[in-house]
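Letter by letter, the sequence shown follows residues 113 to 256 of my numbering. No residue lacks a Cβ here, since even glycine has one placed at the ideal position from N, Cα and C. Reading through the structure tokens given below for one structure.
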Amino acid sequence: MNLTRLVYYSQRNLSEDLNIQELIETSKHNNQHLNLTGMLHFNGDHFIQVIEGGRLEVSSVYHRIARDPRHSNIILLSFEGVRERMFPTWVMGLHQGMDSQTRAAFLRYFATDVVDPESVNVDGLLDVMQDLMATPPAKLAINI
Ligand SMILES: Cc1cc2nc3c(=O)[nH]c(=O)nc-3n(C[C@H](O)[C@H](O)[C@H](O)COP(=O)(O)O)c2cc1C
């Protein structure tokens, strides 16, 4: 089965309730059965999600997610075969918020911390996503 990685960008739909913890629990439950892994970044306004797994599974979960009314303006940034998973230990990791550490991660790879989905470089975005999942929350670093 061809290992595939998908990346998309979407905007939160403010007219729909969103319980992000509940969403992650459902995602983890479903993704586990399908051997899917990945991460979801939510800054309060938009989502960036990376989903990895079999081509069929990634494609079908993406089509389900794309119909979800909790977000809109979904832009598919990448769907490609890959040799290895980037988030093998995350059934669906969540990174939430836009604190100074998150901004710094974006600024490490991009000229600004504002992601323009029409022009963003996906490899750079994946670098940011990996940094966000690897870096402990800023509060843990206080007093070091
Ligand atoms: C931003 C976003 C990301 C989501 N990610 C996933 C996911 O990774 N896996 C998943 O199964 N559902 C995900 N969902 C939820 C699906 O849209 C859908 O509600 C869910 O899969 C339905 O599952 P159920 O039939 O078990 O209730 C996501 C929804 C949103 C809005």
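Arg117 counts as buried, since no fewer than 16 other beta carbons sit within 10 angstroms of its beta carbon. Residue pairing for Ser190: DSSP places it in a beta bridge opposite Val119. Looking at the backbone, the Cα of Glu128 and that of Asp239 are separated by about 31 Å. In the DSSP assignment, Leu135 falls outside any beta strand (DSSP E) and within the unbroken alpha helix (DSSP H) covering Ile132 to His145. For Ser190, the CB contacts under 6 Å within the same chain, skipping 5 residues up- and downstream, are Val119 and Val234 in chain order.
Taking C-alpha positions only, Ile177 is separated from His183 by approximately 9 Å. DSSP places Thr149 in the strand class (E or B) of the three-state scheme.
The beta carbons of Val170 and Met241 sit no closer together than 9 Å. According to DSSP, residue pairing for Ile177 in a beta bridge does not occur. In this structure, Ser212 is the residue among Gln144, Ser212 and Val232 with its C-alpha nearest to the C-alpha of Asn155.
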